[in-house]
Amino acid sequence: MKKAAKAELTNTVKTQKKNKLGIKYYLKRDWQLYVLLLFPLAFAFVFKYLPFLGLSIAFLDYDVVGGFEKAEFIGLDAFIEVFKMKDFYVALRNTIVLNGLDLILGFPAPIILAICLNEIRNKYFKRVSQTVLFLPHFLSWVIIAGIFYQLLSPTTGYINIMLTRAGHDSIPFLTEKWHWLVSYCLIGIWQSMGWGTIIYLAAITGINGDLYEAATVDGAGRWRKIWNITIPCIRSTIVVMLIMSLGRILGISFERPYTLDNPLVRDFSDVISTFVYRVGLQSHRYNIATAVGLFQSVVGLIFVFGSDKIAKLMGEDGII
133 MKKAAKAELT NTVKTQKKNK LGIKYYLKRD WQLYVLLLFP LAFAFVFKYL PFLGLSIAFL
193 DYDVVGGFEK AEFIGLDAFI EVFKMKDFYV ALRNTIVLNG LDLILGFPAP IILAICLNEI
253 RNKYFKRVSQ TVLFLPHFLS WVIIAGIFYQ LLSPTTGYIN IMLTRAGHDS IPFLTEKWHW
313 LVSYCLIGIW QSMGWGTIIY LAAITGINGD LYEAATVDGA GRWRKIWNIT IPCIRSTIVV
373 MLIMSLGRIL GISFERPYTL DNPLVRDFSD VISTFVYRVG LQSHRYNIAT AVGLFQSVVG
433 LIFVFGSDKI AKLMGEDGII
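Each residue of the sequence shown is one higher than the one before, starting from 133 at the first, in my numbering.
Right, dumping it as structure tokens:
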């Protein structure tokens with residue numbers, strides 16, 4: 133007992149000395165770790181925080197030659213000009229429609245795929261399937277667009293050649309806007325659903341196996357286990373991913389619509405990212421490009437806070 137009390141007293145004294153020394157003690161003890169920490173902090177500062185200074189371009193008559201020194205303050209003129217452009221509302225509509233379809237059709241796809249992969253009992257087949265499904269995520273959209281133009285082209289595409297040889301009419305997958313819309317969504321789901329399963333598979337792996345064993349004893353089949361155990365246990369993960377997806381409702385990538393674009397479907401394929409590239413960057417109107425980007429970020433932030441609030445009202449944890 134005396135030894136235990138003495139050891140406890142010694143630990144207490146050491147703790148008090150450490151608290152008195154404060155940050156100097158930890159810097160001296162773990163300085164190698166702090167040096168390593170400087171690199172990611174520097175990266176985050178340079179590429180994540182310094183660009184915030186560029187947001188001022190939206191309120192300036194900015195020119196590359198003159199720089200910030202000769203740029204005159206114009207207030208909200210750039211935003212007013214953007215909101216008067218007809219093409220901006222077309223791009224905004226297309227962005228919301230395409231992202232909305234991706235959310236409705238593409239969001240459940242990785243969840244369903246992760247559940248299916250989890251039910252596979254053959255480990256070798258499961259690993260091969262995961263590798264094949266993950267592969268499209270690592271392909272550039274330039275490569276993906278080239279592949280599908282070779283497959284879906286009206287005259288030289290492999291699929292349409294097979295259809296015409298079978299006596300059917302060719303289908304304008306990428307040259308008629310409604311067919312293009314369906315093709316765009318399906319190609320996006322194919323490219324992203326394999327990679328999206330990683331998070332859901334990790335969540336499923338964390339489910340307590342005793343729940344499945346108890347369900348088996350009670351006579352539950354495979355579908356009943358999925359419905360009553362798997363899906364409820366990953367519900368919080370689904371809600372978090374949904375909130376993040378809603379936050380990106382206006383944040384569409386540039387590569388996918390640009391590489392699948394052509395003049396025949398411009399009414400559907402012109403989105404905010406391509407609008408910024410065409411009007412803001414190609415025309416050297418950087419304040420317009422920055423104003424549209426800031427508008428996207430603000431709306432995305434509102435969606436994140438709104439969806440997080442709704443999730444908390446429904447009893448979920450949310451992300452904030």
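Every residue gets a Cβ at the ideal spot worked out from N, C-alpha and C, and that includes glycine.
Would you tell me roughly how many angstroms separate the C-alpha atoms of residue 354 and residue 345, rounded to the nearest one? Translated into positions along the sequence shown, residue 354 becomes position 222. Translated into positions along the sequence shown, residue 345 becomes position 213. Rounded to whole angstroms, the separation of the alpha carbons of residue 345 and residue 354 is 12 Å.
Within the region 212 to 291, note down every full alpha helix (DSSP H) run reaching 4 residues or more, in order along the chain. The alpha helix (DSSP H) runs lying completely inside the region 212 to 291 and spanning 4 residues or more are 218 to 233, 240 to 251, 255 to 266 and 273 to 284, given in chain order.
Along the chain, which unbroken stretches of the alpha helix (DSSP H) at least 4 residues long are found entirely within the region 283 to 343? Whole alpha helix (DSSP H) segments, 4+ residues: 290 to 297 and 309 to 337.
Quick check: the region 366 to 382 against the region 256 to 274, are there 3 or more CB pairs under 8 Å? No contact exists between the region 366 to 382 and the region 256 to 274.
Helix, strand or coil for residue 409? Go by DSSP, reduced to three states. The residue you call residue 409 lines up with position 277 of the sequence shown. DSSP places residue 409 in helix when its eight states are reduced to three.
Proximal residues to residue 223 (C-beta, below 8 Å), its chain only, five neighbours per side dropped: Sequence index remark: in the sequence shown, residue 223 carries index 91 (1-based). If we look at residue 223 and ignore the five residues flanking it on each side, its Cβ neighbours are 402, 403, 404, 406 and 407.
Test item: CB-CB of residue 242 and residue 328 under 8 Å: Stepping through the sequence shown from its first residue, residue 242 is reached at position 110. Stepping through the sequence shown from its first residue, residue 328 is reached at position 196. Yes, they are a contact pair.
Could you check which residue in 197, 384 and 393 has the C-alpha nearest to that of residue 309? The residue you call residue 309 lines up with position 177 of the sequence shown. Distances from the CA of residue 309 to each of 197, 384 and 393 were compared; the closest alpha carbon is that of 393.
Given residue 133, which residues of its chain have a CB within under 7 Å of its CB, disregarding the five upstream and five downstream residues? Here the question's residue 133 lines up with position 1 in the sequence shown. Residue confidence is low: residue 133 scores 49 on pLDDT, short of 50, so the model does not pin down where it sits. Its coordinate-derived value is still stated next. Residues of the same chain with a CB within less than 7 Å of the CB of residue 133, apart from the 5 flanking positions on each side, do not exist.
Could you tell me how far apart the beta carbons of residue 386 and residue 409 are, in whole angstroms, since I believe they sit closer than 8 Å? Reading the sequence shown from its first residue, position 254 is the one you call residue 386. Reading the sequence shown from its first residue, position 277 is the one you call residue 409. About 7 Å; that satisfies the 8 Å criterion.
Helix, strand or coil for residue 192 per DSSP? Reading the sequence shown from its first residue, position 60 is the one you call residue 192. Correct three-state label for residue 192: strand.
Compute the Euclidean distance between the alpha carbons of residue 256 and residue 271, then round it to the nearest angstrom. Walking along the sequence shown from the start, residue 256 turns up at place 124. Walking along the sequence shown from the start, residue 271 turns up at place 139. It is roughly 24 Å from the alpha-carbon of residue 256 to the alpha-carbon of residue 271.
Quick check: the region 303 to 318 against the region 285 to 295, are there 3 or more CB pairs under 8 Å? Contact holds: three or more Cβ-Cβ distances are below 8 Å.
In whole angstroms, give me the CA-to-CA distance for residue 320 and residue 282. On the sequence shown, residue 320 is found 188 positions in, with the first residue counted as 1. On the sequence shown, residue 282 is found 150 positions in, with the first residue counted as 1. The straight-line gap from Cα to Cα measures roughly 17 Å.
At least three beta-carbon pairs within less than 8 Å, the region 213 to 232 to the region 353 to 373: Under the 8 Å Cβ criterion, the region 213 to 232 does not count as touching the region 353 to 373, having fewer than three qualifying pairs.
Residue(s) in a DSSP beta bridge with residue 204: Counted from its first residue, the sequence shown places residue 204 at position 72. Under the DSSP definition of a beta bridge, residue 204 partners with 193.
Count the CB pairs spanning the region 428 to 437 and the region 350 to 367 that are closer than 8 Å, and state whether there are at least three. Remark: fewer than three beta-carbon pairs, one from each stretch, lie closer than 8 Å, so the region 428 to 437 and the region 350 to 367 are not flagged as touching.
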